[in-house]
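Input: a single structure, listed below in structure tokens.
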Amino acid sequence: MQASIIIFLSLLVLAVVSQTPTQPIWPRYFSASVAQHHYNNREPPRFFRWFYDSAKNKDRFDGVVDFADERIWAQAIFDHTIQRETVVFFQQSTVSCYYRSINSTLPKPNLTNLQYIGVALIDDLPVYHWIENDRTRGVTFQYYETIRYREPK
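Take 2 as the starting number for the sequence shown in this note's numbering and just add one per residue.
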């Protein structure tokens, strides 16, 4: 009797864990690590941090960029309310800051076409793993979100 209860509970847990989660939605705010790979494989992957807050109507990107023939650390802050981009470049003993008008919108991914492919581990944290392959544009988009809070990871 006890063995059948254990088997039943194990099957119940397996059924709950293996269910496909509901489609992800674009969050109101987040910070996430982004890896941008190129199909041609001639360029190295680009890694950056993306911070977003819809209440403040701002995006921020932190990462290494090419500027004046050098690879340096940069922050780009997009204030969509006043339509201004602020870019800050950090070098050893110099910080340069530039302002310009935002002349386009930052695209927010359309998460409706994502396919759930399973659970992955990021920083030893189980996450849902979603993917979209757009062969027409040559783009593969992968999206990871925490299981507990459904936030980008």
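Beta carbons: idealized from backbone N, C-alpha and C, even for Gly. In this text, all values refer to a predicted model and were calculated from it rather than measured experimentally.
For Leu-107, the three-state DSSP class (helix, strand or coil):
Secondary structure of Leu-107 (DSSP, three-state): coil.
If distances are taken between C-alpha atoms only, which option among Asp-60, Phe-91, Asp-80 and Arg-50 comes closest to Ala-69?
Nearest in C-alpha terms to Ala-69, of all of Asp-60, Phe-91, Asp-80 and Arg-50, is Phe-91.
What does the alpha-carbon distance come out to for the pair Ser-97 and Glu-71?
Rounded to whole angstroms, the separation of the alpha carbons of Glu-71 and Ser-97 is 14 Å.
Straight-line Cα distance separating Val-66 from Arg-85
If you take the alpha carbons of Arg-85 and Val-66, they lie about 20 Å apart.
Taking only the alpha-carbon atoms, compute the straight-line gap between Pro-46 and Ile-73 and give it to the nearest angstrom.
The straight-line gap from Cα to Cα measures roughly 16 Å.
By DSSP, does Ala-16 sit in helix, in strand, or in coil?
Because the pLDDT at Ala-16 is just 48, under 50, the model does not fix this residue reliably, and the value given afterwards should be weighed accordingly. When secondary structure is reduced to three states using DSSP, Ala-16 falls in the helix class.
Please work out which residues of its chain come closer than 7 Å, Cβ to Cβ, to Pro-127, disregarding the five sequence neighbours upstream and downstream, and give them in chain order.
Take Pro-127, set aside five residues on each side of it, and the residues of its chain with a beta-carbon closer than 7 Å to its own are Val-120 and Ile-148, in chain order.
Three-state secondary structure (DSSP) at Leu-112?
Of the three classes helix, strand and coil, the one that applies to Leu-112 here is helix, per DSSP.
Sheet register partners of Glu-146 (DSSP bridge):
Paired residues: Tyr-129 and Pro-153.
Give me, in chain order, the residues of the same chain whose beta-carbon lies closer than 7 Å to that of Ser-102; leave out the 5 immediate sequence neighbours on both sides.
Short of 7 Å from the beta carbon of Ser-102, and not among the five residues preceding or following it, lie these beta carbons of its own chain, in chain order: Gln-84 and Arg-85.
Alpha-carbon spacing of Tyr-117 relative to Asn-42, whole angstroms
Going by the C-alpha atoms only, they are around 26 Å apart.
Could you give the residue range of the beta strand (DSSP E) that holds Gln-37?
Segment 30 to 37, the beta strand (DSSP E) holding Gln-37.
Go through its chain and collect everything with a Cβ distance to Val-88's Cβ below 6 Å, but skip five positions before and after it.
Taken in chain order, the residues that qualify are Ala-77 and Tyr-99.
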